[in-house]
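Participant:
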Amino acid sequence: MNQESSSGLECPKPGWFQAPSGNERTWIGMAVIWCLILSVMMPYWHFRGKQNSTGEAYRVKPADFVKRVEAFVKVNTGEESLVEDGIAPVVPAPPGEVYLLAKQFFWFPVLKLRSGETYRLHISSADVQHGFSLLPMNMNFQIVPGYDHVLTIKPQAPGTYHIVCNEFCGIGHQQMVGKIIVE
Ligand SMILES: [Cu+2]
Numbered sequence: 012m013n014q015e016s017s018s019g020l021e022c023p024k025p026g027w028f029q030a031p032s033g034n035e036r037t038w039i040g041m042a043v044i045w046c047l048i049l050s051v052m053m054p055y056w057h058f059r060g061k062q063n064s065t066g067e068a069y070r071v072k073p074a075d076f077v078k079r080v081e082a083f084v085k086v087n088t089g090e091e092s093l094v095e096d097g098i099a100p101v102v103p104a105p106p107g108e109v110y111l112l113a114k115q116f117f118w119f120p121v122l123k124l125r126s127g128e129t130y131r132l133h134i135s136s137a138d139v140q141h142g143f144s145l146l147p148m149n150m151n152f153q154i155v156p157g158y159d160h161v162l163t164i165k166p167q168a169p170g171t172y173h174i175v176c177n178e179f180c181g182i183g184h185q186q187m188v189g190k191i192i193v194e
C-alpha cells in the first residue's frame, strides 16, 4: 500500500517512537521540574510579590476608555502644567483617579504625581495588546484592550520614571516610551 498522502507527506513507520534517553531525557526532566516549580510560584507571587497587581480590572470599550482619558486630561490640565519635551504633563490632584492610555505607538498623557500620595491608576489600550513596564522600577503589566486595569499606586521617591512597551505591538513599537514624573 502506498503510504504517501496527497500532500506528499509520509506516515511514520510503525514503531517509530523511541523513549527519550541520555541528555534528551535530562533536559525534558529539567523542563518538567521547572514547570512544576512555576506552577506553585505563580499563585504565590500573586499574593507575596511586590511587583504584582491585585488583579483589579473592569471591562471597558476601547473608545469609551479613550473618552475617559480625554476628559481626565481636560479637567486636570491647569496652570500648574509645564511643557516638558513638548508635551504638557497632566497634574491630577491626589487622591484621585488617574488615567493612562496605551496606543500605537505612545503612552498618553505624561503624568506628574506627588510623592507619598495615593492614586488609582487606570491603564488600558485603544488598539492592540501592549506591555506596561515602569523603569527603573521593573514593574510589568499586560495592557489588553477592552479591560481597564486599575493599579493603586503610591509613588515613593521623586524622579522621572519611564514607561516602555514590552509587548511587541507593531512597526513603531520601539518608539513607545512614556513618562511619569514624581515630585
Ligand atoms: Cu509595543
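If you're matching positions, the sequence shown starts at 12 in our numbering and goes up one per residue.
Note that CB positions come from ideal geometry on N, CA and C, so glycine has one too.
The structure presented is a predicted model; accordingly, all values stated were derived computationally and were not measured.
Following the continuous beta strand (DSSP E) through K24, name the residue where it begins and the one where it ends.
Facilitator: Premise fails: K24 is in no beta strand (DSSP E) and is neither H nor E.
Participant: What does a CB cutoff of less than 6 Å around K123 pick up in its chain, not counting 5 residues either side in sequence?
Facilitator: Result list for K123: P100, V102 and I192, in chain order.
Participant: Give the range of the alpha helix (DSSP H) segment to which A82 is assigned.
Facilitator: Counting along the chain, the alpha helix (DSSP H) containing A82 begins and ends at P73 to N87.
Participant: L146 to F117, Cα distance in whole Å?
Facilitator: Distance between the alpha carbons of L146 and F117: 16 Å.
Participant: Hey, is N177 close to ligand 2, as in C-beta under 8 Å from one of its heavy atoms?
Facilitator: Annotation note on ligand 2: not contained in the displayed structure, which lists ligand 1 as its ligands.
Participant: Return yes when the C-beta of G142 is under 8 Å from any heavy atom of ligand 1, and no when it is not.
Facilitator: For ligand 1, at least one heavy atom lies less than 8 Å from the Cβ of G142.
Participant: Taking DSSP as the reference, what is the three-state secondary structure of C176?
Facilitator: Residue state, collapsed to three classes: strand.
Participant: Does the pairing of the segment 166–174 with the segment 76–86 give three or more beta-carbon distances under 8 Å?
Facilitator: The segment 166–174, when compared against the segment 76–86, does not touch it at the 8 Å Cβ threshold.
Participant: Could you check whether T163 and R125 sit closer than 9 Å to each other, using their CB atoms as the reference points?
Facilitator: Not closer than 9 Å, so no.
Participant: In three-state DSSP terms, what is S50?
Facilitator: Here S50 sits in helix by DSSP.
Participant: Kindly indicate the opening and closing residues of the beta strand (DSSP E) around I154.
Facilitator: Here the beta strand (DSSP E) through I154 covers M150 to I154.
Participant: Alpha carbon to alpha carbon, what distance is there between I174 and F143?
Facilitator: Cα to Cα, the separation comes out at about 6 Å.
Participant: Using only the alpha-carbon positions, how far apart do N177 and A113 sit?
Facilitator: Using only the alpha carbons, I get a separation of about 12 Å.
Participant: How many whole angstroms separate the CB atoms of P73 and P156, which I take to be in contact at a CB cut-off of 8 Å?
Facilitator: With a Cβ gap of about 5 Å, P73 and P156 count as contacting.
Participant: DSSP three-state label for F28, please.
Facilitator: In the structure shown, F28 sits in coil (DSSP, three-state: anything other than H, G, I, E or B).
Participant: In three-state terms, what does DSSP make of F58?
Facilitator: In the structure shown, F58 sits in a helix (DSSP, three-state: H, G or I).
Participant: Taking the Cβ atom as the reference point for each residue, do C180 and Q140 lie within a distance shorter than 9 Å?
Facilitator: Yes.
Participant: Tell me, which residues are paired with L124 by DSSP?
Facilitator: In DSSP, L124 forms a bridge with V193.
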